[in-house]
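Residue numbers for the sequence shown follow the numbering used here, beginning at 334 and rising by one.
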Amino acid sequence: IPGVDDTPRIPFGMVKLSPKIREISSNHDAVPVISLKTIGPFLGRPLVVGEEELKDAPRVDGTYEQRHLLGPEDIAYSKKMPQDQGARWQVYRPSATFTDPDTDEILGHEVSYLGDAILEGFDKDTKVSTLKITSAVLEIQKGDYFAQAGTGFSSNYQPHAPSGKIDTKVISIYGGIRQAGQNAVVTLNKGMHDGLENGHVL
334 IPGVDDTPRI PFGMVKLSPK IREISSNHDA VPVISLKTIG PFLGRPLVVG EEELKDAPRV
394 DGTYEQRHLL GPEDIAYSKK MPQDQGARWQ VYRPSATFTD PDTDEILGHE VSYLGDAILE
454 GFDKDTKVST LKITSAVLEI QKGDYFAQAG TGFSSNYQPH APSGKIDTKV ISIYGGIRQA
514 GQNAVVTLNK GMHDGLENGH VL
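This is how it looks when you write it as structure tokens:
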């Protein structure tokens, strides 16, 4: 009808709501991901080894022409090299022993990554393996250790919060420095036996 206001009216006491975005706090906020480009080199190399692992690890027992220092393309010999764990190996050297500040228990050894090597041959008579150094960031020498090269870590690296409370202490900062900042690598006095898993964010 002309002149009649036919706009729908909201009954008294009723409030009209419209869809909108609302922000609420949560105890399950997503854990930020650390770039694999940043953390990858540390996940693919041994940084800490246990006492038994160090005891049983193959070593550089000899060098070609009795050289004292080895670099890329040089030859090393090892007597304890397993023949069923692949051809790619990393070379490392123990640099410090970790002790739990609460119990004085020896937890393991920090090691320095020296380079990479590839298994080239095995002499059945002498039981000696021949390896060629393929890369070196530091000079390699007789007595250094071999560790099996990593085969990948992306499927095991998923940041998430622990299911329970874990109290731990920083006992070392990688690289021998005294203070750590963002993206620094540290060693804790807790591990798998204490409920820590790959990807836990503390």
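Positions of the beta carbon are idealized from the N, C-alpha and C atoms, including for glycine.
Glu-443 - containing beta strand (DSSP E), residue span: 439-456
Counterpart residues of Pro-434 in DSSP-defined beta bridges: Pro-434 pairs with nothing; no bridge assigned.
Contact under 9 Å by Cβ, His-533 with Ala-494: yes
Buried/exposed call for Asp-389, threshold 16 Cβ in 10 Å: exposed
Contacts around Asp-449, its chain only, beta-carbon distance under 6 Å, and the 5 residues preceding and following it disregarded: Gln-423, Thr-467 and Ser-468
Option nearest Arg-498 by Cα separation, candidates Ala-480, Asp-527, Gly-514 and Gln-474: What sits at residue 498 in the sequence shown is Lys, not Arg. That would be Asp-527, whose Cα lies nearest to the Cα of Lys-498.
Every unbroken beta strand (DSSP E) inside the region 362-421 [3 residues or more]: 408-411
Cβ pair Val-470, Tyr-446 closer than 9 Å: yes
Bounding residues of the beta strand (DSSP E) (the contiguous stretch that carries Lys-502): Here Lys-502 belongs to no beta strand (DSSP E), and DSSP marks it neither H nor E.
Euclidean distance between Cα positions of Pro-492 and Pro-405: 36 Å
Residues of its chain near Glu-472, where Cβ-Cβ distance is below 6 Å and the 5 sequence neighbours each way are ignored: Leu-402
Bridge partner(s) assigned by DSSP for Thr-520: Ser-505
Proximity of Ser-411 and Pro-391 at Cβ, strictly below 9 Å: yes
Cutoff 6 Å; reference Ile-504; Cβ partners in own chain excluding five residues on either side: Phe-431, Thr-520 and Asn-522
C-alpha gap between Leu-387 and Gly-476, whole angstroms: 12 Å
Range of the contiguous beta strand (DSSP E) that encloses Thr-459: First-last for Thr-459: undefined, no H or E at that position.
Exposed unless 16 or more other CB atoms sit within 10 angstroms - verdict on Gly-514: exposed
Sequence-distant residues of the same chain with beta carbon closer than 6 Å to Leu-464, five excluded per side: Ala-409, Ala-450 and Leu-452
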